[in-house]
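Undergrad:
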Amino acid sequence: MDASPALPLVNLYDLPRAALGELLGRWGYSAHYRDLLWTALYRQQVESFDALTGLKPELVAALRERTLLERPTTHHEVFSSDGYTRKLLLRLRDGQTVETVLMRFKGRATVCLSTQAGCAMGCVFCATGQMGFVRHLSPGEIIGQVLHVTRLLRETNETLRNVVLMGMGEPLHNYEGTLAAVDILVDALGLALGPRFITLSTVGVVPGIRRLADEDRPVQLAVSLHGATDAERGALVPAARKWPLAELMDACRYYTDKRKRRIFYEWALISGRNDTPEQAHALGALLQGMDAHVNLIPLNPTVGYAEQPSGPDSVRAFQDILAGYGLPSTVRQRRGIDIDAGCGQLKAAVERTRPPRQPLAS
Ligand code: SAH
Ligand code: SF4
124 MDASPALPLV
134 NLYDLPRAAL
144 GELLGRWGYS
154 AHYRDLLWTA
164 LYRQQVESFD
174 ALTGLKPELV
184 AALRERTLLE
194 RPTTHHEVFS
204 SDGYTRKLLL
214 RLRDGQTVET
224 VLMRFKGRAT
234 VCLSTQAGCA
244 MGCVFCATGQ
254 MGFVRHLSPG
264 EIIGQVLHVT
274 RLLRETNETL
284 RNVVLMGMGE
294 PLHNYEGTLA
304 AVDILVDALG
314 LALGPRFITL
324 STVGVVPGIR
334 RLADEDRPVQ
344 LAVSLHGATD
354 AERGALVPAA
364 RKWPLAELMD
374 ACRYYTDKRK
384 RRIFYEWALI
394 SGRNDTPEQA
404 HALGALLQGM
414 DAHVNLIPLN
424 PTVGYAEQPS
434 GPDSVRAFQD
444 ILAGYGLPST
454 VRQRRGIDID
464 AGCGQLKAAV
474 ERTRPPRQPL
484 AS
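Under our numbering, the residue at position 332 of the sequence shown is numbered 455, and the numbers go up by one with no gaps.
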């Protein structure tokens, strides 16, 4: 009889606990073994099959034969001058690289994760958007970024508190991969992150926002607006043309009504562009009466976009107008600006200084 074609090996980090249970169940192991393996992966954070010493040798042998413990490796790394931010460019199995940023501040560590290699949404000011889309990340590739930084934090006895899905890519374009990773993050037997400490930022993918509301997934939602009229927003965020503001705001209202959770709205302040009193009033009118908080981020200049960040006076004036509509806002400096910590900027900078990579053999 012909040998059956080899099945692709499963990366264990791709599987939420229920899926891991199904896999082990097919091999005849009970939920008890699933949980032993799970705690080894996410509590002890073992990095090799050899380290799975608490499991039956037959189970370890089966895992070794049919699964992988695949994590990204460091391709490039930089520290910010203030010492708080460490930015990693991590390499995935197929040679793709993605950015992961670790921020430590007053004992609270936050990691910013990528959900895709590149991004299809094409925001004109964003270094990732300027690269275009390559592919979705698997849940294991998203979780691999987390395990990479928890290993670094262990060296100094720190723990991870916040996760922001604000690195490269659009999380709701990769809904399945991203939300499977969220399930792994919040699992109480493993990494056990608090749902309030996971923020998912979307460019405004309307079907994804509605699905999040219906499924009640354990995340805080942030919506990147950047423009309060369809004309202004469409010029900065080309993908937004597919979902006009009226549709987007309907989806946001649906989300806040259904989940009773505040939405954060992000706004990159671009001098003379979307920091005008007209845009501030339009934004105020758009969000008035909603459970909303606006995060204002002075533009982080990128090589592919000539505009500049707003100055402090325009930022203050913008905030004052929002306050007149009863809207709270916070100005967020993008930390680690000196190390290209804006979304996609490190990858862009590293690739500018290196000869182009050879195409991968297929
Ligand atoms: N794709 C998602 C999440 C990743 S981007 C989204 O767009 O929301 C995370 C945030 O960084 C978004 O609000 C995005 O608009 C913002 N951003 C990207 N490039 C920026 C830049 N050059 N300056 C300021 N903010 C930027
Ligand atoms: Fe994609 Fe977000 Fe960058 Fe827009 S801002 S291109 S959605 S990563």
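Backbone N, C-alpha and C fix where the C-beta goes; we use that ideal spot for every residue, glycine too.
At the level of alpha carbons, what is the spacing between R487 and A185?
TA: Nothing in the structure corresponds to residue 487, since the chain is present only between 124 and 485.
Undergrad: Would you decide whether T197 is buried or exposed? Buried here means 16 or more other CB atoms lie within 10 Å of its CB.
TA: By 1-based counting over the sequence shown, the position of residue 197 is 74. T197 should be labelled exposed.
Undergrad: At a cut of 8 Å, does the segment 268-281 reach the segment 324-333 through at least three beta carbon pairs?
TA: No, the segment 268-281 does not touch the segment 324-333.
Undergrad: Identify which residue in F441, G151, V417, V234 has its Cα closest to the Cα of T290.
TA: Numbered from 1 along the sequence shown, position 167 holds the residue referred to as residue 290. Per the sequence shown, residue 290 should be read as Gly rather than Thr. If we check each option's Cα against that of G290, V234 comes out closest.
Undergrad: How would you write the range of the beta strand (DSSP E) that C235 sits in, first residue to last?
TA: On the sequence shown, residue 235 is found 112 positions in, with the first residue counted as 1. That run of the beta strand (DSSP E) goes 231-235.
Undergrad: Could you work out which residue in T453, R157, I266 is closest to A415 when comparing CA atoms only?
TA: Here residue 415 refers to the residue found at position 292 of the sequence shown. Cα-wise, what sits closest to A415 is T453.
Undergrad: Taking only the alpha-carbon atoms, compute the straight-line gap between T251 and D373 and give it to the nearest angstrom.
TA: For the purposes of this step, residue 251 is taken as the residue at position 128 of the sequence shown. For the purposes of this step, residue 373 is taken as the residue at position 250 of the sequence shown. Cα to Cα, T251 sits roughly 28 Å from D373.
Undergrad: Name all residues in chain order for which at least one heavy atom of ligand 2 lies closer than 5 Å to the residue's CB.
TA: Listed along the chain, these residues meet the criterion: C242, M244, C246, C249, T251, G252, E293, V326.
Undergrad: Determine, using beta carbons only, whether L175 comes closer than 9 Å to chain C.
TA: Among the chains of the structure shown, chain C does not appear; only one protein chain is present.
Undergrad: Output needed for G206: all residues of its chain with C-beta closer than 6 Å, excluding positions within five of it in sequence on either side, in chain order.
TA: In the sequence shown, the residue the question calls residue 206 occupies position 83. There are no such residues.
Undergrad: With respect to the beta strand (DSSP E) encompassing I386, which residues constitute its N-terminal and C-terminal limits?
TA: Counting from one through the sequence shown, the residue named residue 386 turns up at place 263. Element bounds for I386: 386-392.
Undergrad: Taking only runs that begin and end inside the segment 223-267, name each unbroken beta strand (DSSP E) of 3 or more residues, in chain order.
TA: DSSP runs (the beta strand (DSSP E)) wholly in the segment 223-267: 231-235, 239-241, 256-259.
Undergrad: So is the beta-carbon of G290 under 8 Å away from any non-hydrogen atom of ligand 1?
TA: Here residue 290 is taken as the residue at index 167 of the sequence shown, counted from 1. At least one heavy atom of ligand 1 is nearer than 8 Å to the Cβ of G290, so yes.
Undergrad: I need the straight-line Cα distance from I460 to L302, nearest angstrom please.
TA: The sequence position of residue 460 within the sequence shown is 337, counting from 1. The sequence position of residue 302 within the sequence shown is 179, counting from 1. Note that I460 has pLDDT 48, beneath the 50 cutoff, so the model's placement of it is unreliable and no number is given.
Undergrad: So, with DSSP's three-state summary, where would you put Q167?
TA: Taking the sequence shown and counting its residues from 1, one reaches residue 167 at position 44. Here Q167 sits in coil by DSSP.
Undergrad: Take H88 as the anchor and find which of L371, W366, L392 has the nearest alpha-carbon.
TA: No answer is possible for residue 88: the residues shown for the chain start at 124 and end at 485.
Undergrad: Put H416 into one of helix, strand or coil per three-state DSSP.
TA: Indexing the sequence shown from 1 puts residue 416 at position 293. Strand, per DSSP.
Undergrad: May I have the straight-line CA-CA distance separating F248 from L344, to the nearest angstrom?
TA: For the purposes of this step, residue 248 is taken as residue 125 along the sequence shown, with counting starting at 1. For the purposes of this step, residue 344 is taken as residue 221 along the sequence shown, with counting starting at 1. Approximately 22 Å between the Cα atoms of the pair.
Undergrad: Is it the case that the Cβ atoms of T162 and L312 are separated by a distance below 9 Å?
TA: Within the sequence shown, numbered from 1, the residue matching residue 162 stands at position 39. Within the sequence shown, numbered from 1, the residue matching residue 312 stands at position 189. Contact: yes.
Undergrad: Leaving out the 5 sequence neighbours to the left and right, which residues in its chain are closer than 7 Å to A486 when beta-carbon positions are compared?
TA: An answer regarding residue 486 cannot be provided, because it is not within the stretch 124 to 485 covered by the chain.
Undergrad: Tell me which residue opens and which closes the beta strand (DSSP E) that Q343 is part of.
TA: For the purposes of this step, residue 343 is taken as the residue at position 220 of the sequence shown. Counting along the chain, the beta strand (DSSP E) containing Q343 begins and ends at 343-347.
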